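Novice: This is the structure I have questions about; it appears just below.
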Amino acid sequence: MARLREEWWTNPRTEMLAGLVVALALIPEAVAFSIIAGVDPQVGLYAAFCIAIIIAFAGGRPAMISGATGAMALLMVPLVREHGVEYLFAATVVTGVIQVLFGWLGVAKLMRFVPRTVMTGFVNALAILIFLAQMPYVIGESWMVWAMVAGGLAVMYGLPRLTKAIPAPLVAIVALTTVAVVFDVRVPTVGGMGELPSSLPVLGVPLVPLTLETLSIVAPYALALAFVGLLESLLTAQLVDDTTDSSSDKSREVRGQGIANVATGFLGGMAGCAMIGQSMINVRAGARTRLSTLSAGVSLLVLILVLGDFVAMIPMAALVAVMIVVAVATFDWSSLKLNTLKRTPKTETLVMVVTVAVVVYTHNLAYGVLAGVLVAMIVFARRAAVLASMESVLDRTGTVRSYVVTGELFFASTNELVHQFDLQDGVRQVVIDLTEANVWDSSAVATLDAVVARFAARGIEARIVGLTTHSAELHERLSGQLVGGH
108 MARLREEWWT
118 NPRTEMLAGL
128 VVALALIPEA
138 VAFSIIAGVD
148 PQVGLYAAFC
158 IAIIIAFAGG
168 RPAMISGATG
178 AMALLMVPLV
188 REHGVEYLFA
198 ATVVTGVIQV
208 LFGWLGVAKL
218 MRFVPRTVMT
228 GFVNALAILI
238 FLAQMPYVIG
248 ESWMVWAMVA
258 GGLAVMYGLP
268 RLTKAIPAPL
278 VAIVALTTVA
288 VVFDVRVPTV
298 GGMGELPSSL
308 PVLGVPLVPL
318 TLETLSIVAP
328 YALALAFVGL
338 LESLLTAQLV
348 DDTTDSSSDK
358 SREVRGQGIA
368 NVATGFLGGM
378 AGCAMIGQSM
388 INVRAGARTR
398 LSTLSAGVSL
408 LVLILVLGDF
418 VAMIPMAALV
428 AVMIVVAVAT
438 FDWSSLKLNT
448 LKRTPKTETL
458 VMVVTVAVVV
468 YTHNLAYGVL
478 AGVLVAMIVF
488 ARRAAVLASM
498 ESVLDRTGTV
508 RSYVVTGELF
518 FASTNELVHQ
528 FDLQDGVRQV
538 VIDLTEANVW
548 DSSAVATLDA
558 VVARFAARGI
568 EARIVGLTTH
578 SAELHERLSG
588 QLVGGH
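Numbering (the numbering used here), first residue to last: 108 to 593.
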């Protein structure tokens, strides 16, 4: 009971108000992502409230918001263009099934291989993308739009100094909408983004042939959607964990995303995942429980079905101001401080810069994270390769030379190490001591075998000693030429 209260009912007023603010911010983005994917705006809106409501119960990260996203929408474009929206619904269902399977297989545990520098790059790139996404709504517009954005920013930065009883973004949205309506200010509104749905989604099976050919069409898109969706969701969950100083069940989150997408596909929505910007709006407004996520979904449903006429009058400038505040708060400004840059190894700074650059260039968070992880792996491999070293000692008789190897032996470190053995030495016997080393892959095993064979070809007996249990098992399994004890 205590756990249930902790997850749902710690501060219901704050949670529900935060959810309302998120719902208002969800509408224009859901419509915009629908347009990107080439489908009717109601597809993105149905996905937004369906996924939010379901993930509130099935997800593993309380207070995180999920719905239709830009990265997912971009992957859907070719499928919708070539086969139509019904195939998109089918792909959404298959995406969910794949994600549920990934959840049971423990894919979430792979998150531990994402370095902190990549996470920093991910967060900074996200902030930049959120900010850039607002520019089309203000550049080229009248001075009234700029004035409204400035007014919204003033309210959101000034009101918390006076009171935090009501979320500042909600006050800013209501105030700017009131000004626009009362004074008949002609500025772009939410209603101008697209027509809002007037009815609930209807449960139904996607109208596609249930054949292997259909599966072959949707499977590649579904696999890509599942991967990108889980990557964004897990990174967002980690970001919310850090922001709220709490932990979450990542495997449950993976399964929850899958369940939500399966249901959304049958309800006429597009595949979605965690929404980083909206999640940050939520937690910055004080939300910490599942109630805020449920509130966002239910509020969105009420707003578009009951209060659609009012929502259509909200100036886009108000929502732009909200998202700019989110972008500024999301960016890790400490990563750019001169002292931080001086203390941080240049290779780690490089990883962060690569992550940011790829994300901003491609507008795809998944590509940036993959690039960052790849660079981090290369940097780590180079460091580990340098750490492998060797010293040689000749015994008193002058007939036995011992090579003492230290460090990690794998494909990157053994290429140079092999040249440090003196094959022209006039000794009778060579001992390769690996007590302070670890053998990690077939490249290292092959190198050791090659060294032993080269000494043998010159009439010198070479023995490998000091292998750890793991190293000995790997060597014996891959070569069968293990000599000596360990």
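Heads up, the beta-carbon is just placed ideally off N, CA and C, and yes, glycines get one too.
Just so you know, these numbers come straight off a predicted model, no measurement behind them.
Going straight from the alpha carbon of residue 236 to that of residue 467, what length do you get?
Specialist: To locate residue 236, count along the sequence shown from 1; it is residue 129. To locate residue 467, count along the sequence shown from 1; it is residue 360. Each residue's alpha carbon lies about 7 Å from the other.
Novice: Candidates 176, 197, 483, 316: which alpha carbon is nearest residue 326's?
Specialist: Within the sequence shown, the letter at position 219 stands for residue 326. Considering only 176, 197, 483, 316, the residue with the shortest C-alpha distance to residue 326 is 197.
Novice: Exposed or buried, what is residue 141 when buried is set at 16 or more other beta-carbons lying within 10 Å of its beta-carbon?
Specialist: Mapped onto the sequence shown, residue 141 falls at position 34. Burial check for residue 141: the Cβ neighbour count within 10 Å reaches 16 or more, so the residue is buried.
Novice: Who are the near neighbours of residue 592 in its chain, counting only those whose CB is closer than 7 Å to its CB and skipping five residues on each side?
Specialist: In the sequence shown, residue 592 corresponds to position 485, counting from 1. Low per-residue confidence applies at residue 592: pLDDT is 39, beneath 50, and the placement is therefore not dependable, though the value from the model is reported in the following sentence. Once the five neighbours on either side are set aside, the close Cβ partners of residue 592 are 572.
Novice: Have a look at 476, 508, 273, 354 and flag the residue whose alpha-carbon is nearest the alpha-carbon of residue 462.
Specialist: As a working mapping, residue 462 is identified with position 355 in the sequence shown. Per the Cα distances, 476.
Novice: Taking Cβ positions, are residue 148 and residue 301 nearer each other than 7 Å?
Specialist: As a first step, residue 148 is located in the sequence shown; it is residue number 41 there, counting from the start. As a first step, residue 301 is located in the sequence shown; it is residue number 194 there, counting from the start. A distance below 7 Å separates the beta carbons of residue 148 and residue 301.
Novice: Mind checking residue 582: buried by the 16 CB within 10 Å criterion, or exposed?
Specialist: For the purposes of this step, residue 582 is taken as residue 475 along the sequence shown, with counting starting at 1. Its Cβ being crowded by 16 or more others within 10 Å, residue 582 is buried.
Novice: Do you know offhand how far residue 564's Cα is from residue 545's?
Specialist: Taking the first residue of the sequence shown as position 1, residue 564 is located at position 457. Taking the first residue of the sequence shown as position 1, residue 545 is located at position 438. Approximately 26 Å between the Cα atoms of the pair.
Novice: Can you grab the Cα-Cα spacing for the pair residue 400 / residue 294, in whole Å?
Specialist: In the sequence shown, counting from the first residue as 1, residue 400 sits at position 293. In the sequence shown, counting from the first residue as 1, residue 294 sits at position 187. Distance between the alpha carbons of residue 400 and residue 294: 30 Å.
Novice: Which complete alpha helix (DSSP H) runs does the region 421-454 hold, if anything under 4 residues is left out?
Specialist: 423-437, 445-450
Novice: I'd like the span of the beta strand (DSSP E) that includes residue 500, first residue to last.
Specialist: Within the sequence shown, numbered from 1, the residue matching residue 500 stands at position 393. It spans 496-501 - the beta strand (DSSP E) in which residue 500 sits, taken as one unbroken run.
Novice: Keeping to the same chain, check which residues put their C-beta closer than 6 Å to that of residue 509; ignore five residues upstream and five downstream.
Specialist: One-based indexing of the sequence shown puts residue 509 at position 402. Correct list, in chain order: 500, 538, 540.
Novice: Compute the Euclidean distance between the alpha carbons of residue 452 and residue 304, then round it to the nearest angstrom.
Specialist: By one-based count along the sequence shown, residue 452 stands at place 345. By one-based count along the sequence shown, residue 304 stands at place 197. The alpha-carbon atoms of residue 452 and residue 304 are separated by roughly 52 Å.
Novice: Identify which residue in 215, 323, 536 has its Cα closest to the Cα of residue 201.
Specialist: Translated into positions along the sequence shown, residue 201 becomes position 94. Ranking the options by Cα distance to residue 201, first place goes to 323.
Novice: Buried or exposed: residue 506, going by 16 or more other Cβ atoms within 10 Å of its Cβ?
Specialist: Walking along the sequence shown from the start, residue 506 turns up at place 399. The residue is exposed, with fewer than 16 neighbouring Cβ atoms inside 10 Å.
Novice: Going by the beta-carbon positions, is the gap between residue 280 and residue 473 smaller than 7 Å?
Specialist: The residue given as residue 280 occupies position 173 in the sequence shown. The residue given as residue 473 occupies position 366 in the sequence shown. No.
Novice: Look at the alpha carbon of residue 343 and the alpha carbon of residue 471, and state the distance between them as a whole number of angstroms.
Specialist: Taking the first residue of the sequence shown as 1, we reach residue 343 at position 236. Taking the first residue of the sequence shown as 1, we reach residue 471 at position 364. When rounded, the distance between both Cα atoms is 14 Å.
Novice: Quick test of the definition: if touching needs 3 or more C-beta pairs under 8 Å, does the region 329-336 touch the region 367-385?
Specialist: yes
Novice: Which residue from 250, 254, 228, 307 puts its Cα closest to that of residue 346?
Specialist: Reading the sequence shown from its first residue, position 239 is the one you call residue 346. For residue 346, the nearest C-alpha among the options comes from 228.
Novice: Beta carbon of residue 151, beta carbon of residue 130: below 7 Å?
Specialist: What you label residue 151 is simply residue 44 of the sequence shown in a count that begins at 1. What you label residue 130 is simply residue 23 of the sequence shown in a count that begins at 1. No, they are not a contact pair.
Novice: Helix, strand or coil, according to DSSP, for residue 231 in the structure here?
Specialist: Within the sequence shown, the letter at position 124 stands for residue 231. Reduced to three states, the DSSP call for residue 231 is helix.
Novice: Is it the case that the Cβ atoms of residue 518 and residue 550 are separated by a distance below 7 Å?
Specialist: Within the sequence shown, the letter at position 411 stands for residue 518. Within the sequence shown, the letter at position 443 stands for residue 550. Going by C-beta atoms, residue 518 is nearer than 7 Å to residue 550.
Novice: What does the alpha-carbon distance come out to for the pair residue 155 and residue 481?
Specialist: By 1-based counting over the sequence shown, the position of residue 155 is 48. By 1-based counting over the sequence shown, the position of residue 481 is 374. Each residue's alpha carbon lies about 32 Å from the other.
Novice: According to DSSP, simplified to helix, strand and coil, what is residue 246?
Specialist: Walking along the sequence shown from the start, residue 246 turns up at place 139. Three-state DSSP puts residue 246 in coil, outside helix and strand.
Novice: According to DSSP, is residue 287 helix, strand or coil?
Specialist: Here the question's residue 287 lines up with position 180 in the sequence shown. Here residue 287 sits in helix by DSSP.
Novice: Do the region 256-270 and the region 404-416 touch if we need at least three Cβ pairs shorter than 8 Å?
Specialist: no
Novice: Can you tell me which of 553, 569, 120 puts its alpha carbon nearest to the alpha carbon of residue 559?
Specialist: The residue you call residue 559 lines up with position 452 of the sequence shown. Of the candidates 553, 569, 120, the one whose C-alpha sits nearest the C-alpha of residue 559 is 569.
Novice: Would you mind reading off the limits of the alpha helix (DSSP H) that contains residue 471?
Specialist: Stepping through the sequence shown from its first residue, residue 471 is reached at position 364. From DSSP, residue 471 is part of no alpha helix (DSSP H); its letter is neither H nor E.
Novice: Of all the options 181, 459, 193, 387, which has the alpha carbon lying nearest to the alpha carbon of residue 126?
Specialist: Translated into positions along the sequence shown, residue 126 becomes position 19. Looking at the Cα atoms, 387 is the closest of the given residues.
Novice: Give me the Cβ distance between residue 283 and residue 422, rounded to the nearest whole Å; I'm assuming they're in contact under 8 Å.
Specialist: Numbered from 1 along the sequence shown, position 176 holds the residue referred to as residue 283. Numbered from 1 along the sequence shown, position 315 holds the residue referred to as residue 422. So it is a contact: roughly 5 Å between Cβ atoms.
Novice: May I ask you to report which of helix, strand or coil DSSP gives residue 302?
Specialist: Within the sequence shown, numbered from 1, the residue matching residue 302 stands at position 195. If DSSP states are grouped into helix, strand and coil, residue 302 belongs with coil.
Novice: Per the DSSP calculation, residue 514 is bridged to which residue(s)?
Specialist: Translated into the one-based positions of the sequence shown, residue 514 becomes position 407. 544.
Novice: Using three-state DSSP, classify residue 549 as helix, strand or coil.
Specialist: Here residue 549 refers to the residue found at position 442 when the sequence shown is read from its first residue. If DSSP states are grouped into helix, strand and coil, residue 549 belongs with the helices.
Novice: For residue 357, which residues from the same chain have a beta carbon less than 7 Å from its beta carbon, with the 5 sequence-adjacent residues on both sides left out?
Specialist: For the purposes of this step, residue 357 is taken as the residue at position 250 of the sequence shown. Only 167, 215, 218, 341, 344 meet the Cβ criterion.
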